[in-house]
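Using full-length UniProt numbering, the letters of the sequence shown map in sequence onto residues 1 to 113. Structure first, commentary second.
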Amino acid sequence: MDNKSPEEKPVQRSKSFSFNANKEVCTSCQKTVYPMERLVANSQVFHTSCFCCKHCNTKLSLGSFAGIQGEFYCKPHFKQLFKSKGNYDEGFGRKQHKELWSAKDSDNVTKTA
Numbered sequence: 001m002d003n004k005s006p007e008e009k010p011v012q013r014s015k016s017f018s019f020n021a022n023k024e025v026c027t028s029c030q031k032t033v034y035p036m037e038r039l040v041a042n043s044q045v046f047h048t049s050c051f052c053c054k055h056c057n058t059k060l061s062l063g064s065f066a067g068i069q070g071e072f073y074c075k076p077h078f079k080q081l082f083k084s085k086g087n088y089d090e091g092f093g094r095k096q097h098k099e100l101w102s103a104k105d106s107d108n109v110t111k112t113a
């Protein structure tokens with residue numbers, strides 16, 4: 001007869017649960033995102049509290065945002081920034097495509113000359 005106390009018995013752990021699960025990281029704050037606070041927009045993972053407009057920092061939802069090149073805006077500011085310059089590049093602080101084209105054209109002219 002084996003008279004082992006409960007303290008001496010080995011503990012059995014479930015093999016289906018793992019502490020080393022792949023952790024997702026918030027695109028905005030770079031901290032771990034847990035399933036209950038997870039929001040995915042344009043294939044990027046955020047905390048629901050970190051998903052904010054780049055211009056006014058208003059909290060966004062999946063139905064209230066517009067995104068361009070990995071940056072997210074509330075719909076009113078997205079429209080305002082576009083209308084202020086009339087194009088996506090200059091309105092959102094980037095070089096205009098026509099400047100990139102003119103640079104390529106000048107390179108082609110110097111190569112053919």
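Just so you know, even glycine gets a beta-carbon here, dropped at the ideal spot from N, CA and C. Nothing here was measured: the structure is a model prediction, and the numbers come from that model.
* Asked: Taking the DSSP output, what are the residues bridged to T32?
  -> V25
* Can you tell me which of L62, K31 and C53 puts its alpha carbon nearest to the alpha carbon of P76? => C53
* To do: Give the straight-line distance between the Cα atoms of C50 and I68, rounded to the nearest whole angstrom.
  => 17 Å
* **Residue range of the beta strand (DSSP E) that includes residue 122** => With the chain covering only 1 through 113, there is no way to say anything about residue 122.
* Taking Cβ positions, are H55 and C29 nearer each other than 8 Å? -> no
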